[in-house]
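For the sequence shown, our numbering assigns the number 520 to the initial residue and increments by one for each residue that follows.
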Amino acid sequence: MDKAADIQSEQPADGGRETNGSVELKAGTVLKDRFLLLKEIGKGGLSTVYKARDLVAAKAGLADPNVAIKTIRAAPNVDADVIALMHREARRLRDLVHPNIVRVYDMDRQGDVHFMVMELLEGQTLAQLLRKAPDRRLPAAQLYRLITDLAAALGHAHASGIIHADLKPGNVFVQNNGIAKLIDFNIAFPIARPIKTREEDTVVILARFGAVTPAYASPQRLTGAEPCEGDDVFSLAMIAYLASCGARPFGKMNALEAQSDGQKPSRPEGLSFLRWQALKAGLTLDDVGRTASVRRFAETFCTPDPLSFARHLISDYLNAPEEARPQVSNAEPPQETPEPAQAEVSQNEAGEDLLKDAAPPGQKPETRTSGDQPSEAGK
520 MDKAADIQSE QPADGGRETN GSVELKAGTV LKDRFLLLKE IGKGGLSTVY KARDLVAAKA
580 GLADPNVAIK TIRAAPNVDA DVIALMHREA RRLRDLVHPN IVRVYDMDRQ GDVHFMVMEL
640 LEGQTLAQLL RKAPDRRLPA AQLYRLITDL AAALGHAHAS GIIHADLKPG NVFVQNNGIA
700 KLIDFNIAFP IARPIKTREE DTVVILARFG AVTPAYASPQ RLTGAEPCEG DDVFSLAMIA
760 YLASCGARPF GKMNALEAQS DGQKPSRPEG LSFLRWQALK AGLTLDDVGR TASVRRFAET
820 FCTPDPLSFA RHLISDYLNA PEEARPQVSN AEPPQETPEP AQAEVSQNEA GEDLLKDAAP
880 PGQKPETRTS GDQPSEAGK
């Protein structure tokens, strides 16, 4: 998982303990007289996730009263506007209902601890799954199902006006039944100083534009541009490449470094031509030439069809700005060298040559001029 970080607070929430100015909640803590924390099940750079029991649901006799509680760090340099933004974004996510997106039920706070109440999932993150997989890659059928699930989730989010903007294996949860779900839409806080990161670590660069993981982010995200659909396309293609061959397309370089160095990804072994073309289009470092949507990427990568692929190429070409289209040379084509002139041959001579080719061996062919009349025997 990502590097752990404590929840900053001046006054610990009930059941928490204060250590060097930070708060760590422990099992047995009850938040808002309703959510009993059972155990810690994950940590991120900005949050901690607990398995918890909804005491109200349990009292009502619901079959499964367990939920996940994600507590968010409230750092000293976070202003009221950012906290308000986090709550507004949580309310938007609460309405983002899709089979491939983890459910967010509510957002609340206790003291300086802000927390989300979420659907409890059984399974493991894609990062954990890949670490256990042979050669750190997925079987083809599992890979294509994964990308299809993620594209469906991202497409739904995009249609609702939400960009994930920090897609990575640690933010993808694969349930025990094989269904993949997007988790952690990273409502993030700014940091006061640069930090060294591992590949899966999240670095916050803009308070209102969320967080970014350099290993999976597009060059545009790494330069601080406002997130857009193309950023999620790029990160999805990065995941597809990683799960295809067990390595990232630019090695240890992030996308911005690869762009500066002129790096190009190599074709994963065993990947078909059409799938490789789809993958390359999603990994395009220039956002202008990148695949237009996550749905199109999934369609061309998971179920490639030559005719569909050609239609997409033509559509992308026609819709692209002129400067982004492949350049066609206006130079005059090279002149062909004329073949040496051959001596003219009379019709009679040509006819004689044909007759020679057709006459039986040892027999001289009969010739006549155009004025000769056939003999009576030939009539």
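Cβ atoms here follow ideal geometry from the backbone N, Cα and C, with glycine treated the same way.
Quiz item: Is the region 637-648 close to the region 778-796, with three or more CB pairs under 8 Å?
Solution: no
Quiz item: Which whole-angstrom value describes the C-beta separation of R814 and G674, a residue pair presumed to lie in contact below a C-beta threshold of 8 Å?
Solution: 5 Å
Quiz item: Could you give the uninterrupted runs of the alpha helix (DSSP H) lying entirely in the region 577-641, keeping only those of 4 residues or more?
Solution: 599-613
Practice problem: Would you be able to state if there are at least three C-beta pairs under 8 Å between the region 696-705 and the region 609-625? | Solution: yes
Self-check item: Strand pairing of E841, partner residues [DSSP]
Solution: Its beta-bridge partners do not exist; DSSP assigns none.
Quiz item: Within 10 angstroms of its Cβ, does D751 collect 16 or more other Cβ (buried), or is it exposed?
Solution: buried
Exercise. Taking all protein chains shown into account, decide if L556 is buried (16 or more other Cβ within 10 angstroms of its Cβ) or exposed.
Key: Classification of L556: buried, given that the 10 Å Cβ count is 16 or more.
Quiz item: With a CB to CB cut of under 8 Å and the five nearest residues on each side skipped, what residues in its chain are close to L640?
Solution: A587, V621, F692, Q694, K700, I702
Self-check item: Three or more C-beta pairs below 8 Å linking the region 680-688 and the region 771-782
Solution: In this structure the region 680-688 does not lie against the region 771-782, because fewer than three pairs of beta carbons, one per stretch, are closer than 8 Å.
Quiz item: Quick one, which of A811, N773, Y569, C764 has its alpha-carbon nearest G789's?
Solution: Comparing Cα-Cα distances from G789 to each of A811, N773, Y569, C764, the minimum goes to C764.
Practice problem: Find out if the Cβ-Cβ distance for the pair S566, L615 is shorter than 9 Å. | Solution: The answer is no: Cβ separation not under 9 Å.
Self-check item: Distance CB(L612)-CB(A670) smaller than 9 Å
Solution: Judged by beta-carbon spacing, A670 lies beyond the 9 Å limit of L612, meaning their Cβ atoms are not closer than that value.
Practice problem: Using three-state DSSP, classify L544 as helix, strand or coil. | Solution: Annotated three-state conformation of L544 is strand, per DSSP.
Quiz item: Three-state secondary structure (DSSP) at I560?
Solution: strand
Practice problem: Take D872 and list the residues in its own chain whose beta-carbon comes closer than 7 Å to its own, dropping the five residues that flank it on each side. | Solution: With a pLDDT of 44 at D872, under the threshold of 50, the modelled position of this residue cannot be trusted; read the value that follows with caution. So the list is empty, once near-sequence residues are dropped.
Exercise. Express the C-alpha separation of R572 and K578 in angstroms, rounding to a whole number.
Key: 11 Å
Quiz prompt | DSSP state of T819 mapped onto helix, strand, coil | solution = helix
Exercise. Measure the CB-CB distance between V568 and E559 and report whether it falls below 9 Å.
Key: yes
Self-check item: Option in V807, N696, K771 with minimal Cα separation from E841
Solution: V807
Self-check item: Alpha-carbon to alpha-carbon, G770 and Y624
Solution: 39 Å
Quiz item: My guess is that R911 and G697 are in contact by the Cβ rule of under 8 Å, so how many angstroms apart are they, rounded?
Solution: Nothing can be reported for residue 911, as the shown portion of the chain is limited to 520 through 898.
Quiz item: What's the gap between the Cα of A811 and the Cα of G749?
Solution: 7 Å
Quiz item: Between E776, P823, L775, A777, which lies nearest to L798 when the distance is taken from Cα to Cα?
Solution: Of the listed residues, the one whose Cα sits closest to L798 is P823.
Self-check item: Beta-ladder partner(s) of V693, from DSSP
Solution: Q643, A699
Exercise. Use the C-beta contact count for R767: other C-beta atoms within 10 angstroms, 16 or more gives buried, fewer gives exposed.
Key: buried
Quiz item: So is A762 buried or exposed if we call it buried at 16+ other beta carbons inside 10 Å?
Solution: Counting of Cβ neighbours within 10 angstroms places A762 among the buried residues, the total reaching 16 or more.
Quiz item: Checking contacts by CB at 9 Å: is P584 closer than that to chain C?
Solution: Absent here is chain C; the protein component of the structure consists of one chain.
Quiz item: How far does the alpha helix (DSSP H) with T803 in it reach, from first residue to last?
Solution: From DSSP, T803 is part of no alpha helix (DSSP H); its letter is neither H nor E.
Quiz item: Cβ atoms of M635 and K570: under 9 Å apart, would you say?
Solution: no
Exercise. Would you mind sorting L591 into buried or exposed? The rule is 16 or more other CB atoms within 10 Å of its CB.
Key: Reading off the sequence shown, one finds Ile at residue 591, where the question assumed Leu. Classification for I591: buried.
Quiz item: Buried or exposed: L741, going by 16 or more other Cβ atoms within 10 Å of its Cβ?
Solution: buried
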